[in-house]
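A short worksheet on the structure shown next.
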Amino acid sequence: STYALSSPYLPLLSFEMVQYSLRNTVFTPESAVAFAALGYFKVILAQNYLRGKFWANVALEMLKNSRPISATVQVNFTVNAYIMTWFVPMRESSRKLFETYRLGMKVGDFTMSMYALGLSLRYALLEGENLSLISRSLKENLKKMMKYSTVCAKLAVLDLIIVDELRGAESEPFAIFQGQLTNDSDLINDAIASSNANNVECAHFRRFYSAFWRADYIQAEASSQVLLSLPSSKRPKLISIYFYFFRGLLAFRRYRENNSEEQLRIGIETICKLEFWSQYAPSNFENKLFLLNAEQYASLPNIYEAKTQYEASINSARDNGRLHEQGLAFELMGNFLSSVTSYEPSEAMKCWKNAYLCYLQWGAKEKAACLFKEHNLNVFDVDSCGNPLKHSR
C-alpha cells in the first residue's frame, strides 16, 4: 500500500497508472487504487483537498458493482483514512475504517485490515470515545495485530499508553513484544532503524498528547519542537489537527506567562490553519476554534468575548459528543475566570467541577483526580453541581 511503503516513487507511479487507465479506458478495482493514491498525494503533498476528494470519488465509483477484492480494501482505506476524513465527521471516518477492517478480514487482506482497525480506534480515541471501551478494544485486538502487522501493533501500543495514562491504569502494553521493546524510546529507536517515519512521528505525538493532558506543559513544548522538526509533520493528517489545536492553546498560555509576541503569533497562525481546514467539515473544528478564540481573547484581554467563546466551545463540544474537549473548555474557562477579579471564585470553581465530571464520564480518572487535587474540589459540591452534558434552559 502507499501508506505502508512510503516510497518516493509512488506519486509518479500513481500518476502513470492513472494516465494509462484514462488512455485505455481501464477502470477496474485495481486501477481504482491508483486513482485513490492520486487523491491521497493531492492532499498530503499539494494540500489540494478538493482535488483529492474528486479523485477519491472517482476511485469509489470504479468499485461499484465489482466483487470485493484486496484492491477494494486498499481504496476504501486510502479514501477514508486520508481524504474523506477532511470532509465528513470524524466518527463517520472511524466507522468507515472499521467497515474496511471487516472487509479486509473477509477477503484476506490482513495487513491492510490491521491498518484500518488501528486507525479506526485512534480516530475514536482522539474524538473522545469512552476510554474504557477504547482500552478494551485495543487489548482485544493487540494479539491479532501482532500476528498480521507488527507495525500496527506498535502503533496500537502507543495509543494504549495514552489511554492507560489518562485512566490511571497499568495494562503492561509492551508485554506483547516479549522483552524486545520495553518502552516508547525503544519504539522510536526501532522506527528510526526501520526508516518508518510514520511510527516515529506517532511516537513523538504520543509524548506531546500525553504531556498536554497531564498539564506538563514544558514537556509538551519540548515534544512539539521535536514533532515540528520531522519532515513527515509537514504532511496533513489526523494527528495534525490535534497537534496544532493543542499547540495553539499552549502558545496563548505561554504568551500570558511571558508576554512573548512570538507565542501570540503562533496562536493566531494556528487559528488560521484550523479555519482553513474547517471550511470542508465545520463540525470537526467548531468547538476547537471557539476555544482557541477564547484563549486569544483571554490573552488580550477581552473579558466579555473570552467568556462568550468559552461558553460557545463548551456547547459545541457537547453537541458534537466530545466529552474530553468539553471538559478542557470548562477547565480553561475556570482558569480564566479565576484570574479576573470581577468574578467570584465560585464561578471558576463551578467550571472546574464541570470539567471534573466531563473527565470522569470520558473515563479519564487520572486526569480528573489531578484536577480535583489541584483545585481542592469538594466531593459533595461536585456531586450536586449538575450534569454538564445537559443543555441549560
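To convert, note that position 200 of the sequence shown is 291 in the numbering used here; the numbers rise steadily by one, no gaps.
Cβ coordinates follow ideal geometry from the N, Cα and C atoms, glycine included.
Inset, instruction - Specify the secondary structure class of Y214 as computed by DSSP and reduced to three states. - result: Walking along the sequence shown from the start, residue 214 turns up at place 123. If DSSP states are grouped into helix, strand and coil, Y214 belongs with the helices.
Legend entry - N469 versus S429: straight-line alpha-carbon distance, rounded: Taking the first residue of the sequence shown as position 1, residue 469 is located at position 378. Taking the first residue of the sequence shown as position 1, residue 429 is located at position 338. Distance from the CA of N469 to the CA of S429, rounded to the nearest whole angstrom, comes to 17 Å.
Legend entry - Span separating the alpha-carbon of N115 from that of A125: Position 24 of the sequence shown, counted from the start, is the residue given in the question as residue 115. Position 34 of the sequence shown, counted from the start, is the residue given in the question as residue 125. When the Cα atoms are used, N115 and A125 turn out to be separated by approximately 14 Å.
Legend entry - Host alpha helix (DSSP H) of Y335 (start-end): Taking the sequence shown and counting its residues from 1, one reaches residue 335 at position 244. It spans 329–349 - the alpha helix (DSSP H) in which Y335 sits, taken as one unbroken run.
Legend entry - Every unbroken beta strand (DSSP E) within the stretch 166–239, with a cutoff of 3 residues, ordered by chain: Positions of the beta strand (DSSP E) runs, each at least 3 residues long and wholly inside the stretch 166–239, cannot be given because no such run exists.
Legend entry - Near the ligand FAD: A455 beta-carbon under 8 Å from a heavy atom: Annotation note on the ligand FAD: not contained in the displayed structure, which lists no ligands.
Legend entry - Chain-order list of residues whose beta-carbon lies under 7 Å from that of V384 (same chain, five-residue window excluded): As a working note, residue 384 is residue 293 in the sequence shown. A quick correction: the sequence has Asn, not Val, at residue 384. Within the same chain, N384 has close Cβ partners I362, Q400.
Legend entry - Cut-off 7 Å between Cβ atoms - residues of its own chain near Y140, not counting five sequence neighbours on either side: Sequence index remark: in the sequence shown, residue 140 carries index 49 (1-based). Answer for Y140: V134, W177, Y371, listed in chain order.
Inset, instruction - Return the residue from the list L414, A439, M236 that minimises the CA-CA distance to G454. - result: For the purposes of this step, residue 454 is taken as residue 363 along the sequence shown, with counting starting at 1. Ranking L414, A439, M236 by Cα distance to G454 puts L414 first.
Inset, instruction - Using a threshold of 9 Å, state whether the C-beta atoms of A446 and F427 are closer than that. - result: As a position in the sequence shown, residue 446 is number 355, starting the count at 1. As a position in the sequence shown, residue 427 is number 336, starting the count at 1. Not closer than 9 Å, so no.
Inset, instruction - Quick one: grab the DSSP three-state call for D250. - result: Within the sequence shown, the letter at position 159 stands for residue 250. Here D250 sits in helix by DSSP.
Legend entry - Under the three-state DSSP convention, the category Q138 falls into: The residue you call residue 138 lines up with position 47 of the sequence shown. Coil at Q138, not helix or strand.
Inset, instruction - Report the three-state DSSP secondary structure of I160 (helix, strand or coil). - result: Against the sequence shown, residue 160 aligns to sequence position 69. Here DSSP, grouped into helix, strand and coil, assigns I160 to coil.
Inset, instruction - State buried or exposed for Q110, treating a residue as buried only when at least 16 other CB atoms are found within 10 Å of its CB. - result: Numbered from its first residue, the sequence shown carries residue 110 at position 19. Counting Cβ neighbours within 10 Å, Q110 comes out exposed, since fewer than 16 surround it.
Inset, instruction - Please work out which residues of its chain come closer than 7 Å, Cβ to Cβ, to L391, disregarding the five sequence neighbours upstream and downstream, and give them in chain order. - result: For the purposes of this step, residue 391 is taken as the residue at position 300 of the sequence shown. Cβ within range, chain order: n/a, list empty.
Legend entry - Among F367, L229, A123, nearest to I267 - alpha-carbon criterion: Locating residue 267 in the sequence shown gives position 176, where the first residue counts as 1. Looking at the Cα atoms, L229 is the closest of the given residues.
Inset, instruction - Return the CA-CA distance between L321 and N287, expressed in angstroms with no decimal places. - result: Indexing the sequence shown from 1 puts residue 321 at position 230. Indexing the sequence shown from 1 puts residue 287 at position 196. Answer to the nearest angstrom: the Cα atoms are 12 Å apart.
Inset, instruction - Taking 9 Å as the cut-off, decide whether the C-beta atoms of N290 and L246 are in contact. - result: Position 199 of the sequence shown holds residue 290. Position 155 of the sequence shown holds residue 246. Going by beta carbons, N290 and L246 fall inside the 9 Å limit.
Legend entry - Inter-residue spacing [alpha-carbon to alpha-carbon] between F336 and M175: Stepping through the sequence shown from its first residue, residue 336 is reached at position 245. Stepping through the sequence shown from its first residue, residue 175 is reached at position 84. One Cα belongs to F336, the other to M175, and the distance between them is close to 20 Å.
Legend entry - Enclosing alpha helix (DSSP H) for N290 [first to last residue]: Here residue 290 refers to the residue found at position 199 of the sequence shown. Per DSSP, N290 belongs to the alpha helix (DSSP H) from 288–304.
Inset, instruction - Please work out which residues of its chain come closer than 8 Å, Cβ to Cβ, to E218, disregarding the five sequence neighbours upstream and downstream, and give them in chain order. - result: As a first step, residue 218 is located in the sequence shown; it is residue number 127 there, counting from the start. The residues are M181, R182, S185, G412, R413.
Inset, instruction - To the nearest angstrom, report how far apart Y206 and Q387 are at their CA atoms. - result: Residue 206 sits at position 115 when you count from the first residue of the sequence shown. Residue 387 sits at position 296 when you count from the first residue of the sequence shown. Our two residues, Y206 and Q387, have alpha carbons roughly 38 Å apart in a direct line.
Inset, instruction - Tell me, to the nearest whole angstrom, how far the beta carbon of L154 is from that of A123; I am working on the premise that it is less than 8 Å. - result: As a working note, residue 154 is residue 63 in the sequence shown. As a working note, residue 123 is residue 32 in the sequence shown. That pair is a contact at about 6 Å.
Legend entry - Rounded C-alpha distance that separates S483 from S404: As a working note, residue 483 is residue 392 in the sequence shown. As a working note, residue 404 is residue 313 in the sequence shown. Since pLDDT at S483 reaches only 44, below the 50 mark, its modelled position is unreliable, and the value read off the structure follows with that caveat. Take the alpha-carbon of S483 and the one of S404: they are about 14 Å apart.
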